[in-house]
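**Q** For the record, in the sequence shown the residue sitting at position 100 is 280 according to the numbering used here, with numbers rising by one throughout. Sharing a structure here in structure tokens format.
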Amino acid sequence: MNKTKKLVLISLFISQALVLSIIESWISIPIPVPGVKLGLANIITLIVIIFFSFKEALIVVIIRTMLASIFGGGGLIVFLFSCAGGVLSTAVMAGLYKVKYDIFSIVGISVAGAAAHNIGQVLVAAFLMKDIAVITLLPLILILGSLMGILVGIISNFLEDKLNRAKIFDV
Numbered sequence: 181m182n183k184t185k186k187l188v189l190i191s192l193f194i195s196q197a198l199v200l201s202i203i204e205s206w207i208s209i210p211i212p213v214p215g216v217k218l219g220l221a222n223i224i225t226l227i228v229i230i231f232f233s234f235k236e237a238l239i240v241v242i243i244r245t246m247l248a249s250i251f252g253g254g255g256l257i258v259f260l261f262s263c264a265g266g267v268l269s270t271a272v273m274a275g276l277y278k279v280k281y282d283i284f285s286i287v288g289i290s291v292a293g294a295a296a297h298n299i300g301q302v303l304v305a306a307f308l309m310k311d312i313a314v315i316t317l318l319p320l321i322l323i324l325g326s327l328m329g330i331l332v333g334i335i336s337n338f339l340e341d342k343l344n345r346a347k348i349f350d351v
């Protein structure tokens, strides 16, 4: 794939992830845990890992997180939470995909990424609040995150199949 096509595709993925983040911010989830979201932008992260690499996925996550923080008005704190979760999640998913794709399904990789995202955010919360007690939320957050990870994985699996058939990434 030439550099121009790659740049265009990565730019499209950044914009798609940003749109999903914005749409997700409009969806209210009636759960008494602050900050729980669907994680729809992780669909794009997983697709970029599958068709490109960790490096490109990390670029998508960081730029999407910065833009979502700017457009969403969340500020530095929201950026720190999102970035910590996004970077850790991307690293875990990319590592599992690269090393153990024959063992883990896309859904399994997505669930692991969701768990990593939740752990990253809770660690940032504990650090910023200077209180380790926030970790008591982790079991509930991990359960909810796993459910969202399953949904993201199913959608990503479907998209991977469709994108392979469309031959978008062929040279």
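C-beta: ideal position from N, C-alpha, C; glycine also.
Secondary structure at Asp341, three-state DSSP: helix, strand or coil?
**A** Here residue 341 corresponds to residue number 161 of the sequence shown, with the count starting at 1. Helix, per DSSP.
**Q** Taking Pro212 as the reference, which of Leu327, Gly252, Leu339 and Leu320 has the closest Cα?
**A** To locate residue 212, count along the sequence shown from 1; it is residue 32. For the residues Leu327, Gly252, Leu339 and Leu320, the minimum Cα distance to Pro212 belongs to Leu320.
**Q** Between His297 and Gly255, how many whole angstroms is the CB-CB distance? I'm expecting something under 8 Å.
**A** By 1-based counting over the sequence shown, the position of residue 297 is 117. By 1-based counting over the sequence shown, the position of residue 255 is 75. The Cβ separation is near 20 Å, so there is no contact.
**Q** Excluding the five sequence neighbours on either side, which residues of its own chain have a C-beta within less than 8 Å of the C-beta of Leu268, listed in chain order?
**A** Sequence index remark: in the sequence shown, residue 268 carries index 88 (1-based). Here the set comprises Ala296, His297, Ile299 and Gly300.
**Q** Could you tell me the alpha carbon to alpha carbon distance between Ala305 and Lys280, rounded to whole angstroms?
**A** Locating residue 305 in the sequence shown gives position 125, where the first residue counts as 1. Locating residue 280 in the sequence shown gives position 100, where the first residue counts as 1. The straight-line gap from Cα to Cα measures roughly 31 Å.
**Q** When you compare only the Cα positions, how much space is there between Asp341 and Leu226?
**A** On the sequence shown, residue 341 is found 161 positions in, with the first residue counted as 1. On the sequence shown, residue 226 is found 46 positions in, with the first residue counted as 1. When rounded, the distance between both Cα atoms is 13 Å.
**Q** Rounded to a whole number of angstroms, what is the C-alpha to C-alpha distance between Thr316 and Val302?
**A** Position 136 of the sequence shown, counting from 1, holds the residue named residue 316. Position 122 of the sequence shown, counting from 1, holds the residue named residue 302. Rounded to the nearest angstrom, the two C-alpha atoms are 9 Å apart.
**Q** Assuming the contact rule is C-beta atoms closer than 8 Å, Gly329 and Gly275 should be a hit. Round their C-beta distance to whole Å, please.
**A** Sequence index remark: in the sequence shown, residue 329 carries index 149 (1-based). Sequence index remark: in the sequence shown, residue 275 carries index 95 (1-based). Actually they are not in contact, since the Cβ atoms of Gly329 and Gly275 sit about 16 Å apart, beyond 8 Å.
**Q** Spatial neighbours of Ile289 within its chain, please: CB distance less than 6 Å, with the 5 preceding and 5 following residues excluded, ordered by chain position.
**A** One-based indexing of the sequence shown puts residue 289 at position 109. Here the set comprises Met273, Leu276 and Tyr277.
**Q** Closest to Phe232 by C-alpha separation, out of Asp311, Asn182, Ser201 and Leu331, would be which residue?
**A** To locate residue 232, count along the sequence shown from 1; it is residue 52. Each of Asp311, Asn182, Ser201 and Leu331 was checked against the Cα of Phe232, and the nearest Cα belongs to Asn182.
**Q** Here's a check: name, in chain order, each residue in its chain whose Cβ is nearer than 6 Å to the Cβ of Ile223, leaving out the five neighbours to either side.
**A** One-based indexing of the sequence shown puts residue 223 at position 43. Listed in chain order, the non-local C-beta contacts of Ile223 below 6 Å within the same chain comprise Val332, Ile335 and Ser336, local neighbours out to five positions each way being set aside.
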